[in-house]
Amino acid sequence: MFSQDKLAELAATPLFAGLTPCAFDELLSELQVKNLSGGAILFRAGDAGDSMYVVLSGRLRVSVQCADGAEEIIREIARGESVGELALLTGEARSATIRAIRDTTLAMLSRAAFERAIQFDPTLLWQIAVQLASRQRQGSDGAKARNNLRTIAVLPCDKSDDANEFALRLANALTNIAPTLCVSSESIGGTESGVKFSAANEDRATEAELTARLDALEANHRAVVYQGDAELNAWTERCIRQADLILVVGRADVASSDGALERMRDYFDSRTITARMELVLLHGGDVNNDFTTAEWTAQLGASAHHHVVATETADVARLARLITGNGIGLVLSGGGARGFAHIGVIRALQEGNVPIDMIGGTSMGAVIAAQHALGWDWQTMARVNRDEWPRCEPQKNYTFPMVALNSARRMDQMLRKMFGNAEIENLRTNFFCVSTNLTTATAKIHQQGALWKAVRASVSIPGIGPPAIENGEILVDGGLVDNLPVETMKRLCQGKVYAVDVSELVEFTSKLLESYTVSGWKLLWQHLNPFSEKPDIPNILNTLYRTTTVGGIRAIESAKAQADLCFEPPVGQFNVFDWRSVDKIIEVGYRYALRKLDESGHPGID
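Remember, my numbering sits 64 above the position in the sequence shown when you count from 1.
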């Protein structure tokens, strides 16, 4: 019933590893093999819990139905993992629906067989309890699902050799994470297995033989990259059926005028394909900011996109980390001019060979994150900010205060000049920023559209500057709800999250024992008169800024605790509107980050 390879795999699974050889042999006689094609349902929520399963090959997806009828994906189950154990212990109906993402082979243990097995050796009952406890601790861990990614299908959008070369480069990059094999229609296993196969001779290879060959390759490698053909032929369909993840690869410098995109979309629509699909856009040089990434993503129904300069090893390595849950996301907080310290931290990370696979931020952190996502080096960021912010001084762009103290005209001009017509979808490094949606009283995560507009919304301090209005919704500074968006980054970029917090608390007190009524005209005269004693009362700019950040103080502490590494440059001596100390603040952030990296022992990535 089970091959020797399968027996070895079963014996090594967490569920069976603690059993004695006699108990395992006894249990083996009770197990049955069950095969599922990609997209097939193993069981639905509400079904009777009459058996449990161990994944021998393939991948399953666990989902539940929400109150609004939408389906929520809870987790994925990869080779060696089990599902359905709880029903055997409680006798209750299934609580979730299980669907095969790809062709999957399972070992099934029925309730009757389970009861006989635990009578022979109660250890199995203990093993199941341990499995369930471990799963409860992990919850719906997206990073774990990606870390368990085993098979990737690379599908070209055209007949050029670019996708084939990319598949090989991706396999090489994945090998730095775990042993990986690249398989094409011309060579399954290459010289390693001696197995040759092409789409033309598939009819001569029985389904069972071919499945066994591919299964053996997957068993002997941590990951397999299946290189699809340009034609949507039998081999390409096989690649899709084998895939935990599908990467559709297109050239960003070539418009899809031959209908290839439409054909691929129709192909996916006509089949039950449950594997996650992402878009990879290959660039010959610099990333083309005029490309219609959003249109391609929408047409294909891709859940994510990646820009890759084909000749850049670092770009392919970044993609490999992101798709396997080993990415590094960097989150930058708001903090006014103190946010220039972010540039120093980025410089230290780059010099320490620490990659930044995704970047996001709030308020001033959004500005610096956007500059990095555009591909600016730290020297360019320092120069542009040194030139623009002292000239802009947005808090002093006063207007009649019907809506805010300043008009934001200079801010808008500066951001337009910085970011031009760049769209978030076309940035080389994936980016997001956070604003506060006053209309819905929620955080708004900006991941598409004009870059300057998203950043403008994120830096709109209520009262100091006017809000940004988009589609009738009123957006202001993201610091009101999420000044250090670690949780958002963890959701968007599985792996490690580094955070930089420059919202260091500055003493906000007064020497006055009491003050309730204030005359602005009197304060103005005292300010202008060099012989007058200045009362210790915070000005309106600092009060409004403090009001923006005070609500998020506890949230920041929680966010810092969630980060894998948190940088807190000592920038409290700088005023939040000190736009003329760019170089000093950058240097403080740089020197601090060097020490922090050294203390943390972070090795970087070669």
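From the three backbone atoms N, C-alpha and C, an ideal C-beta is built for every residue, glycine too.
Quick one: residues in its chain with C-beta nearer than 8 Å to the C-beta of residue i, no 5 flanking neighbours on either side, listed in chain order?
i: Ile675; result: For the chain, the structure presents residues 65 to 670; residue 675 sits outside this window and is missing.
i: Glu342; result: Leu309, Ile310, Leu311, Val312, Ala366, Ser367, Ala368, His369, His370, Ile387
i: Ala237; result: Thr377, Val380, Ala381, Leu383, Ala384
i: Ala329; result: Here residue 329 is Arg; the residue named in the question, Ala, does not match the sequence. Hits under 8 Å: Gln363, Leu364, Gly365.
i: Phe230; result: Val218, Val313, Val344, Leu346, Val372, Ala374, Val380
i: Gly536; result: Thr503
i: Val635; result: Gly399, Arg402, Ala405, Val566, Glu568, Ile649, Val652, Gly653
Candidates the options: which alpha carbon is nearest residue i's?
i: Asp114; options: Ala518, Leu150, Cys86, Leu79; result: Leu150
i: Leu438; options: Arg327, Leu515, Thr84; result: Leu515
i: Cys221; options: Tyr117, Trp440, His406, Glu326; result: Glu326
i: Ser645; options: Pro531, Ala412, Arg402, Ala378; result: Arg402
i: Ser708; options: Ala176, Val550, Thr244, Lys517; result: Residue 708 is absent from the structure shown; the chain starts at 65 and stops at 670.
i: Val289; options: Arg455, Glu94, Leu278; result: Leu278
i: Ala507; options: Gln96, Phe404, Glu136, Ala521; result: Ala521
i: Gln96; options: Ala87, Leu170, Ile410; result: Leu170
i: Asp662; options: Glu415, Ile241, Pro526, Gly399; result: Glu415
i: Asn485; options: Thr504, Ala235, Gln512; result: Gln512
i: Gly323; options: Ala294, Arg166, Val344; result: Ala294
i: Ala496; options: Phe184, Ile182, Thr426; result: The sequence as given places Phe at residue 496; Ala does not occur at that position. Selected option, being the one with the closest Cα: Thr426.
i: Gln306; options: Ala276, Asp317, Pro526; result: Ala276
i: Leu74; options: Val635, Tyr117, Glu534, Asp111; result: Tyr117
i: Ser174; options: Ser248, Ser93, Arg163, Arg143; result: Ser93
i: Gly665; options: Pro634, Glu651, Leu629, Gly349; result: Leu629
i: Arg166; options: Arg302, Ala433, Asp441, Phe88; result: Arg302
i: Arg315; options: Asp225, Ala434, Trp643; result: Asp225
i: Val178; options: Ala164, Arg139, Leu153, Gly636; result: Note that residue 178 is Phe in the sequence shown here, rather than Val. Among Ala164, Arg139, Leu153, Gly636, the Cα nearest to that of Phe178 is on Leu153.
i: Asn212; options: Ile141, Leu544, Arg233; result: Ile141
i: Gly424; options: Leu658, Phe483, Thr552, Asp111; result: Thr552
Bridge partners for residue i per DSSP, in chain order?
i: Gly314; result: Leu345
i: Gln129; result: Glu135
i: Glu140; result: Arg125
i: Tyr290; result: Ala217, Val247
i: Ile162; result: Phe107, Val126
i: Tyr331; result: Bridge partners of Tyr331: none, in fact.
i: His510; result: Cys497
i: Val119; result: Leu170
i: Val681; result: One cannot answer for residue 681 here, as it falls past the ends of the chain, which runs 65 to 670.
i: Asp541; result: Ser499
i: Val564; result: Leu396, Phe631
Got a sec? Which residues, its chain only, sit under 6 Å from residue i by beta carbon, not counting five neighbours each side?
i: Glu632; result: Asp565
i: Glu266; result: Note that Glu266 has pLDDT 46, beneath the 50 cutoff, so the model's placement of it is unreliable and the number below is only indicative. Correct list, in chain order: Ala298.
i: Asp421; result: Arg382, Arg385, Leu386, Gly391, Ile392
i: Leu83; result: Thr187
i: Glu452; result: Met478
i: Ala235; result: Thr244, Cys246, Val289
i: Ala627; result: Val550, Val561, Ala563
i: Arg480; result: Trp516
Spatial neighbours of residue i within its chain, please: C-beta separation below 7 Å, excluding the five flanking residues on both sides.
i: Thr168; result: Leu100, Val119, Ser121, Gly122, Arg123, Leu124
i: Phe638; result: Ala401, Arg402, Ser645, Ile649
i: Pro673; result: Absent from the structure is residue 673, since the part of the chain shown begins at 65 and ends at 670.
i: Ala109; result: Val128, Gln129, Arg158, Ser159, Ala160, Thr161
i: Ala227; result: Val218, Pro220, Val313
i: Ile241; result: Ala384, Thr388, Asn390
i: Glu457; result: Trp643
i: Asp89; result: none
I want to know whether the segment 354 to 364 touches the segment 388 to 404 - three or more CB-CB distances under 8 Å.
No: the two stretches stay apart, fewer than three of their Cβ pairs being nearer than 8 Å.
Could you name each continuous alpha helix (DSSP H) segment of 4 residues or more that falls completely within the segment 410 to 492, going from the start of the chain to the end?
428 to 437, 442 to 456, 473 to 483
Meets three-Cβ-pair contact criterion under 8 Å: the segment 333 to 348 and the segment 96 to 104
yes
As an exercise, report each continuous beta strand (DSSP E) stretch of at least 3 residues that is fully enclosed by the segment 361 to 419, in chain order.
Correct list: 368 to 373, 391 to 396.
Which whole runs of the beta strand (DSSP E) in the segment 611 to 666 are 3 residues long or more, in chain order?
629 to 631
Please determine if the segment 531 to 545 and the segment 491 to 508 are in contact, where contact requires at least 3 C-beta pairs separated by less than 8 Å.
yes
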